[in-house]
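A.B. asks:
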Amino acid sequence: MVVVTFITRLPDRSIGPHSVDAESGQSLMQAALQAGVRGIEGECGGTMVCATCHVYVAPEWIGRLPAPSEDELAMLEGAVWGGACDLAFSCDILVGCPTTSFTMTPAKIGVPYNVTGILHFMNMLPVNAVREMFFTALPLGADAAYRLGVLNDLVPIDELERFTYEKAAVIGRNSPLSISAIKEQIRLLSMAHPLTPNMFELIQGLRRRVYDSRDYQEGIQSFFEKRPPVFTGE
Numbered sequence: 006m007v008v009v010t011f012i013t014r015l016p017d018r019s020i021g022p023h024s025v026d027a028e029s030g031q032s033l034m035q036a037a038l039q040a041g042v043r044g045i046e047g048e049c050g051g052t053m054v055c056a057t058c059h060v061y062v063a064p065e066w067i068g069r070l071p072a073p074s075e076d077e078l079a080m081l082e083g084a085v086w087g088g089a090c091d092l093a094f095s096c097d098i099l100v101g102c103p104t105t106s107f108t109m110t111p112a113k114i115g116v117p118y119n120v121t122g123i124l125h126f127m128n129m130l131p132v133n134a135v136r137e138m139f140f141t142a143l144p145l146g147a148d149a150a151y152r153l154g155v156l157n158d159l160v161p162i163d164e165l166e167r168f169t170y171e172k173a174a175v176i177g178r179n180s181p182l183s184i185s186a187i188k189e190q191i192r193l194l195s196m197a198h199p200l201t202p203n204m205f206e207l208i209q210g211l212r213r214r215v216y217d218s219r220d221y222q223e224g225i226q227s228f229f230e231k232r233p234p235v236f237t238g239e
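My numbering applies: residue 6 is where the sequence shown begins, and numbers increase by one.
1. Go ahead and label Asn119 buried or exposed: buried means 16 or more other beta carbons lie within 10 angstroms of its beta carbon, across all protein chains shown.
2. Does the segment 162 to 181 touch the segment 126 to 143, meaning 3 or more C-beta pairs lie closer than 8 Å?
3. Answer with buried or exposed for Ser106, where buried requires no fewer than 16 other C-beta atoms within 10 angstroms of its C-beta.
4. Taking the alpha carbon of Gly30 as the point to measure from, which residue in His23, Val8, Cys96 has its own alpha carbon closest?
5. Which residue comes first and which comes last in the alpha helix (DSSP H) that contains Gly224?
6. Starting from Met80, trace the beta strand (DSSP E) both ways and give me its first and last residue.
7. Using three-state DSSP, classify Thr141 as helix, strand or coil.
8. Mind checking whether Leu78 and Val100 have CB atoms under 9 Å apart?
9. Between which two residues does the beta strand (DSSP E) carrying Ile191 extend?
10. Taking the C-alpha atoms as reference points, what is the distance between Thr104 and Arg212?
11. Give me the Cα-Cα distance between Ser24 and Met204, rounded to the nearest whole angstrom.
12. Measuring alpha carbon to alpha carbon, tell me which of Asn179, Met127, Val155 ends up nearest Asp97.
13. Does the distance from the CB of Gly115 to the CB of Gly88 come in under 9 Å?
14. Determine the direct distance from the alpha carbon of Ile191 to that of Ala40, and round the result to whole angstroms.
15. Which two residues bound the contiguous beta strand (DSSP E) that contains Leu124?
16. Using CA atoms only, rank isn't needed, just tell me which of Leu193, Asp148, Gly177, Ile12 is closest to Phe128.
17. Using a Cβ-Cβ cutoff of less than 6 Å, which residues in the same chain neighbour Tyr151 once the five nearest sequence positions on both sides are dropped?
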């Protein structure tokens, strides 16, 4: 048994320190969830499909980081799974190759996905394609992703790096102030339909029903036991 001290910081206030007992071999996330440490959601139980884990950088450390770029290009080779899809979809431009694919697996382990992540998908894909990705948990291949507009460019794998850097260079020659303003306008306009309080409560109720279910516990347990889950709908 070891003692782990969490010092968490939420956007509105600092919380902690919070010391908890953890078992040898237990992950920090599991120890935090078991002890009810605030600010650590871990909806998927560490299976990397919920995209609820975030890093907040303390103000005194901001100056030590490189300056953020005005644009974000994703150069994608191979399979993109779970929360990594959400990360990729948050980028401005996605460049892929024939091996690129996107797979959303929360339904395989009985986890409801977060609202922000679903909105990312709905902003990128037709609703019927979003349903298929989440309901089947099957990969969306490179050709389909390009056809649906998820990938801006689909290039041979041996040209991927050169093509991506050349596109970045083209963007870099344009006005950063103009790009920054346009990017922020696109972001704000994509949020132009806010959820009503009633709709938010309805969504939270749907998610809570899943969290409180036996299927949720079965999904997490089966993942760590490396076996197919047996869902009963309860």
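Backbone N, C-alpha and C fix where the C-beta goes; we use that ideal spot for every residue, glycine too.
It should be emphasised that the depicted structure is a prediction, and the values quoted were computed from it without experimental measurement.
C.D. replies: In short, the structure shows the following:
1. Asn119 comes out buried.
2. Using a C-beta cut-off of 8 Å, the segment 126 to 143 makes no contact with the segment 162 to 181, since fewer than three inter-stretch Cβ pairs fall below that distance.
3. By the 10 Å Cβ count, Ser106 comes out buried.
4. Ranking His23, Val8, Cys96 by Cα distance to Gly30 puts Val8 first.
5. For Gly224, the enclosing alpha helix (DSSP H) begins and ends at 219 to 229.
6. Segment 78 to 81, the beta strand (DSSP E) holding Met80.
7. Residue state, collapsed to three classes: helix.
8. Result yes, Cβ atoms of Leu78 and Val100 sit closer than 9 Å.
9. Here Ile191 belongs to no beta strand (DSSP E); instead the alpha helix (DSSP H) covers 181 to 195.
10. Thr104 and Arg212 have their C-alpha atoms roughly 33 Å apart.
11. C-alpha separation (whole angstroms): 37 Å.
12. Asp97 has its Cα closest to that of Val155, out of Asn179, Met127, Val155.
13. No, the Cβ-Cβ distance between Gly115 and Gly88 is not below 9 Å.
14. Going by the C-alpha atoms only, they are around 40 Å apart.
15. Per DSSP, Leu124 belongs to no beta strand (DSSP E); it is in the alpha helix (DSSP H), 120 to 129.
16. Here the sequence assigns Asn to residue 128, which means Phe is not the residue at that position. Comparing Cα positions, the closest option is Leu193.
17. Correct list, in chain order: Leu159.
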